[in-house]
Amino acid sequence: MTRDIRYVEARALQGHRAGFASRVVADLVDLGVVWLLGLSALVAAGVIGYLVTGPPFRLPVLPNWLDGSAVAAIAVGYLGLSWAATGRSVGKQIAGLRVVEVAGRRLSLWRSLTRALLYVLFPAGLLWVLASRRNASLQDLILRTAVVYDWAYHPADEAQPPVTRPSR
Amino acid sequence: MSRWGEEVTVPDSGRSLVPRPSERTPVRPPDGRVDVPRLLAAAAFGLAVEAQRRSLDAAAVVVTRVGSPLRILAGPAVALAQGSVAVARHHLDLDRWAARGLAEQQRAREAATRAIRGVIAAVAAAVLDQVDLDQVVARVDLDQVVDRVDLDAVAQRIDLDAIVNRIDLDAIVARVDINAILARVDIPALTEEVIDEVDLGEIIRESSSTMASETVDALRVQGMRVDGLVSRIVDRILLREGQRQTGPLDRPPRP
């Protein structure tokens, strides 16, 4: 289902590299999603423990190192798989962004997972978007990826929407 | 009807008693033998009739040609005759005889009228017995008759308001059993059919989807504007000139 974009400025910017604010919004949403996934994992572990050991029901308390590692693993898995699958996680879906290679192709799985891992290890790399002339983060520069505005839903077997190419 | 057969017609004057040549029928029977007594009787009758006709013709000619002088010449004779008649009328009681004659005439006229009425009734009954009215009606082209009737004119002459005013609608409605009618209507099935046609789910889906997408679009375009604003601020701080090279990509994005 490809719907019309009613905003003229938005239509003109489809396919362009996204700026800092949109990407921060998308990442904040994704952070919330990761937190929800972690909480869900804890609840699931608690339910399993309850079923195995009986009452009372309590959430497992992880040691700090395992806690941080688990959250990081969840984040890497969630972001990496989302970018490799459709190029967009939930946050990027809401913000109308898509992660692609600079050539426009979908990310491969290893590149996607690497990009997610780099973001988890060094989130401040996103700040380079502010300074970059091409709106690229450090991770984008390292992995030759880009985040673009792409509001449209287009399945793999469908023709791509024409990209308006304004004068630079 | 009579012994004279077709020779006798209904008389309207004395001359019409005389048959025309075309109306004359031979007295000779089909077998060729001559019926003498009948021949003689017919000849005598024919002779008398012819004599009557010729005498009437002669009288008419005489009246036409010599009527006026004769009337002048006959004036004194007529006066004399009228005087004689007055004498005879007084002595012979002519008035009584005339009255009797007139009464007889009246009686004969009434008898003839009665007879003719009876004949007409009998003839009409006989004709009706012979006529098959169904066949007659079958031969009537009712379509043509109807075509000639101006139904619009007939309809215009009908005062529908007056007819409607005479109808007591309240009484009619009071006799209608609405509950019975409603009992015959399958309202649940009807309602279900209407709901099926309306497809409420599709409407809700469309409207909620439209609302959601409008909200998301507004959020996204706000993000775009903030992106541009932040970039311009940073570029100004960095004393950078020219716009950022943000795209588009050489190839459109692929999911």
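From first to last, the protein sequence lines stand for chains A and B. Heads up: the first sequence begins at 8 in the working numbering, then just goes up one per residue. Heads up: the second sequence begins at 51 in the working numbering, then just goes up one per residue. C-beta atoms are modelled at their ideal positions from N, C-alpha and C, and glycine is treated no differently.
Find the nearest neighbour of residue i within the set the options, judged by alpha-carbon distance.
i        : options                                  : result
Val155/A : Leu88/A, Arg95/A and Leu49/A             : Arg95/A
Ala19/A  : Leu279/B, Val284/B and Val271/B          : Val271/B
Leu73/A  : Ala153/A, Ala91/A and Leu49/A            : Leu49/A
Asp277/B : Ser76/A, Arg140/A and Ser115/A           : Arg140/A
Gly39/A  : Ile101/A, Trp158/A and Thr93/A           : Ile101/A
Ala179/A : Val78/A, Lys99/A and Arg113/A            : Here chain A comprises residues numbered 8 to 175, so residue 179/A is not present and cannot be evaluated.
Val280/B : Asp147/A, Gly111/A, Leu137/A and Ala80/A : Leu137/A
Ala79/A  : Arg65/A, Val127/A and Gly103/A           : Val127/A
Gln21/A  : Leu148/A, Ala77/A, Arg105/A and Leu69/A  : Arg105/A
Would you mind sorting residue i into buried or exposed? The rule is 16 or more other CB atoms within 10 Å of its CB.
i        : result
Trp179/A : Residue 179/A is absent from the structure shown; chain A starts at 8 and stops at 175.
Pro63/A  : exposed
Phe27/A  : buried
Gln206/B : exposed
Glu243/B : exposed
Leu178/B : exposed
Gln155/B : exposed
Val196/B : exposed
Thr152/A : buried
Thr296/B : buried
Pro298/B : buried
Ala166/A : At Ala166/A, the pLDDT of 39 sits below 50, so the modelled position is not reliable; the number obtained from the coordinates is stated separately. Result: exposed.
Trp117/A : exposed
Trp90/A  : buried
Tyr160/A : exposed
Asp37/A  : buried
His338/B : The structure shown does not extend to residue 338/B, since chain B spans only 51 to 305, so no value can be given for it.
Glu176/A : Outside the shown range of chain A, which is 8 to 175, sits residue 176/A, and nothing can be said about it.
Asn215/B : exposed
Ala131/B : exposed
Val187/B : exposed
Arg175/A : In this predicted model, Arg175/A has a pLDDT of only 42, less than 50, meaning its place in the structure is not dependable; the value taken from the coordinates is given anyway. Answer is exposed; the Cβ neighbour count stays below 16.
Asn71/A  : exposed
Asp218/B : exposed
Arg122/A : buried
Met261/B : exposed
Asp34/A  : buried
Pull the bridge partners of residue i from the DSSP assignment, please.
i        : result
Tyr156/A : Leu104/A
Arg24/A  : Val155/A
Is residue i close to chain B, meaning its C-beta is less than 8 Å from at least one C-beta of that chain?
i        : result
Ser96/A  : no
Gly26/A  : yes
Ile101/A : yes
Ala131/A : no
Trp158/A : yes
Val155/A : yes
Arg118/A : no
Val32/A  : yes
Ser89/A  : no
Asn142/A : yes
Val68/A  : no
Arg65/A  : no
Gly53/A  : no
Arg13/A  : yes
Ala138/A : yes
Gly22/A  : yes
Val36/A  : no
Val83/A  : no
Val109/A : yes
Ser174/A : Bear in mind that the predicted position of Ser174/A carries a pLDDT of just 45, short of 50, making it too unreliable to give a figure here.
Ser115/A : no
Are any of the Cβ atoms in chain A nearer than 8 Å to that of residue i?
i        : result
Gln295/B : yes
Gly278/B : yes
Arg270/B : yes
Leu289/B : no
Ser281/B : yes
Pro298/B : yes
Met261/B : no
Gly251/B : no
Val235/B : no
Asp267/B : yes
Val284/B : yes
Show which residues of chain E have a CB atom less than 9 Å away from the CB atom of residue i.
i        : result
Ala123/A : The structure shown contains no chain E; its protein chains are A and B.
Going by the C-beta, is residue i closer than 7 Å to any heavy atom of the ligand MG?
i        : result
Ala233/B : This structure does not include the ligand MG; it has no bound ligands of any sort.
**Message:** Please give the ranges of any alpha helix (DSSP H) in the stretch 62-120 of chain A, keeping only runs that are unbroken, at least 4 residues long and fully inside the region.
**Reply:** 71-92 and 97-102
**Message:** My parser needs the beta strand (DSSP E) runs of 3 or more residues fully inside the stretch 155-232 of chain B; what are they?
**Reply:** none
**Request:** Pick out the complete alpha helix (DSSP H) segments inside the stretch 247-297 of chain B, 4 residues or longer, and give them in chain order.
**Result:** 250-287
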